[in-house]
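J.: Numbering (the numbering used here) for the sequence shown: 24 to 262.
Where a beta carbon is used, it is the ideal one built from N, C-alpha and C, also for glycine.
Since we're looking at a predicted model, the values are computed, not measured.
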Amino acid sequence: MILTAALSRTQAGKDVGIVNRIGEWGISLTDSVEDALEQGQPDVWIDFTTPEQVKRNVELAIDAGVRPVVGTSGLTEEEIKQLDERCREQGIGGIIAPNFALGAVLMMVFASKAAKYLPDVEVIEMHHDQKLDAPSGTAMKTAELISREREEKKQGHPEEKETLEGARGGYRDGFRIHSVRLPGLVAHQEVLFGGPGQLLTLRHDSMNRESFMPGVKLAVEEVMNRTGLIYGLENVMDL
Numbered sequence: 024m025i026l027t028a029a030l031s032r033t034q035a036g037k038d039v040g041i042v043n044r045i046g047e048w049g050i051s052l053t054d055s056v057e058d059a060l061e062q063g064q065p066d067v068w069i070d071f072t073t074p075e076q077v078k079r080n081v082e083l084a085i086d087a088g089v090r091p092v093v094g095t096s097g098l099t100e101e102e103i104k105q106l107d108e109r110c111r112e113q114g115i116g117g118i119i120a121p122n123f124a125l126g127a128v129l130m131m132v133f134a135s136k137a138a139k140y141l142p143d144v145e146v147i148e149m150h151h152d153q154k155l156d157a158p159s160g161t162a163m164k165t166a167e168l169i170s171r172e173r174e175e176k177k178q179g180h181p182e183e184k185e186t187l188e189g190a191r192g193g194y195r196d197g198f199r200i201h202s203v204r205l206p207g208l209v210a211h212q213e214v215l216f217g218g219p220g221q222l223l224t225l226r227h228d229s230m231n232r233e234s235f236m237p238g239v240k241l242a243v244e245e246v247m248n249r250t251g252l253i254y255g256l257e258n259v260m261d262l
């Protein structure tokens with residue numbers, strides 16, 4: 024793979040290699056998506072930006088015939104559907120993945136399987152304190168997969184009362200999602216399943232962002248041979 028262009032709102036004009044402390048690469052960062060697409064002529068656009076910016080970035084990439092690989096969360100189901108239609112019109116593939124760590128994808132898939140037999144579940148996701156969205160995209164994708172495998176079931180005591188608002192976390196199809204934000208964390212999630220006399224815990228920890236790279240590489244290779252936008256890396260893994 025060859026890096027042909029790179030985008031930065033704060034480091035525009037600087038060499039991408041110098042900024043990343045890996046030596047001069049001869050590629051200057053730009054703050055314009057249009058310039059990056061025109062100058063780089065890439066096959067794939069990799070986007071780990073912000074929820075506010077990602078939709079426009081991906082629309083511009085697709086319109087230029089460039090395949091999007093997106094790790095930014097925050098897109099709605101309707102927006103994903105619209106982007107899928109754009110990809111199909113252009114005859115190109117794309118992938119949006121809430122998490123590119125292969126272990127995290129396996130955790131989500133295993134959670135969906137466990138939910139068939141242990142329907143009482145809670146999700147605890149933990150991230151660094153600069154993360155903008157809560158719950159995380161990984162937690163929401165986990166909840167979506169779990170909900171496909173179990174009937175909605177309101178858990179806990181029917182007369183349960185929160186004495187501190189939000190103490191029980193966010194509500195999704197009868198179960199709860201809790202978000203933790205602290206410095207020192209990167210990306211972590213536990214899915215807890217309770218049953219009579221037992222507890223099943225599924226946990227994944229990303230210690231650093233290197234954990235995402237094998238999944239990104241897989242996605243880049245896959246979009247070259249696909250048409251339409253795929254949501255979730257599990258859909259291109261042999262599971």
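1) Does the stretch 111 to 129 touch the stretch 220 to 236, meaning 3 or more C-beta pairs lie closer than 8 Å?
2) Given R249, which residues of its chain have a CB within under 7 Å of its CB, disregarding the five upstream and five downstream residues?
3) For Q113, which residues of its own chain have a beta-carbon under 8 Å away from its beta-carbon, when the five flanking residues on both sides are left out?
4) For G189, tell me which candidate among V203, T224, P181, V214 has the shortest Cα-Cα distance.
5) Considering only residues of the same chain and omitting the five flanking positions on each side of P206, which have a CB-CB separation below 6 Å?
6) Among M247, T99, P65, E100, which has the Cα closest to the Cα of L83?
7) Using only CA atoms, which one of V146, P158, P74, L208 lies nearest to L223?
8) Output the boundary residues of the beta strand (DSSP E) element that contains F133.
9) A210 bridges to which residues according to DSSP?
10) Using a Cβ-Cβ distance cut-off of 8 Å, determine whether E175 contacts chain D.
11) Evaluate Y140 with the Cβ neighbour count: other Cβ atoms within 10 Å of its Cβ, from every protein chain shown; 16 or more gives buried, anything less gives exposed.
12) Using 8 Å as the Cβ pair cut-off and three pairs as the minimum, do the stretch 152 to 170 and the stretch 125 to 139 touch?
13) Our contact map puts S96 next to G160 with C-beta atoms below 8 Å; I'd like the distance itself, whole angstroms only.
14) Which of the three DSSP states, helix, strand or coil, is assigned to F71?
15) Name, in chain order, the residues that DSSP records as bridge partners for T224.
16) Please report how far the alpha carbon of T53 lies from the alpha carbon of N258, in whole angstroms.
17) If we ignore side chains and look at the alpha-carbon of each, how far apart do A28 and M130 end up?
18) When you compare only the Cα positions, how much space is there between M149 and P158?
19) Please classify K184 as buried or exposed, where buried requires at least 16 other C-beta atoms within 10 Å of its C-beta.
20) Using CA atoms only, rank isn't needed, just tell me which of E75, Q212, G218 is closest to G179.
21) Can the beta-carbon of R246 be found closer than 8 Å to that of V92?
T.: Checking against the coordinates, here is how it stands:
1) yes
2) Taking the first residue of the sequence shown as 1, we reach residue 249 at position 226. Cβ neighbours of R249 beyond the five flanking positions: G116.
3) Mapped onto the sequence shown, residue 113 falls at position 90. Once the five neighbours on either side are set aside, the close Cβ partners of Q113 are I85, D86, G88.
4) The residue labelled residue 189 in the question sits at position 166 within the sequence shown. The candidate whose alpha carbon is nearest that of G189 is V203.
5) Here residue 206 refers to the residue found at position 183 when the sequence shown is read from its first residue. For P206, where only same-chain residues beyond five positions count, the Cβ hits under 6 Å are D152.
6) In the sequence shown, residue 83 corresponds to position 60, counting from 1. Comparing Cα-Cα distances from L83 to each of M247, T99, P65, E100, the minimum goes to P65.
7) If you number the sequence shown from 1, residue 223 lands on position 200. Out of V146, P158, P74, L208, V146 has the C-alpha closest to the C-alpha of L223.
8) In the sequence shown, counting from the first residue as 1, residue 133 sits at position 110. No beta strand (DSSP E) holds F133; the alpha helix (DSSP H) holding it covers 125 to 137.
9) By 1-based counting over the sequence shown, the position of residue 210 is 187. Partner(s): H150, S229.
10) Absent from the structure is chain D; it holds one protein chain and no more.
11) Start at 1 with the first residue of the sequence shown, and residue 140 comes out as number 117. Exposed: under 16 other Cβ atoms inside 10 Å.
12) yes
13) Your numbering for residue 96 matches position 73 in the sequence shown. Your numbering for residue 160 matches position 137 in the sequence shown. Rounded, the Cβ-Cβ distance is 3 Å, consistent with contact.
14) Within the sequence shown, numbered from 1, the residue matching residue 71 stands at position 48. Coil.
15) In the sequence shown, residue 224 corresponds to position 201, counting from 1. Paired residue(s): L215.
16) Numbered from 1 along the sequence shown, position 30 holds the residue referred to as residue 53. Numbered from 1 along the sequence shown, position 235 holds the residue referred to as residue 258. Answer to the nearest angstrom: the Cα atoms are 33 Å apart.
17) Position 5 of the sequence shown, counting from 1, holds the residue named residue 28. Position 107 of the sequence shown, counting from 1, holds the residue named residue 130. Rounded to the nearest angstrom, the two C-alpha atoms are 33 Å apart.
18) For the purposes of this step, residue 149 is taken as the residue at position 126 of the sequence shown. For the purposes of this step, residue 158 is taken as the residue at position 135 of the sequence shown. Those two C-alpha atoms are separated by around 9 Å.
19) Residue mapping note: residue 184 aligns to position 161 of the sequence shown, counting from 1. K184 should be labelled exposed.
20) As a working note, residue 179 is residue 156 in the sequence shown. The residue with the shortest Cα to Cα distance from G179 is G218.
21) The count along the sequence shown starts at 1 and reaches residue 246 at position 223. The count along the sequence shown starts at 1 and reaches residue 92 at position 69. The amino acid occupying residue 246 in the given sequence is Val; Arg does not appear at that position. Yes, these two residues count as a Cβ contact at 8 Å.
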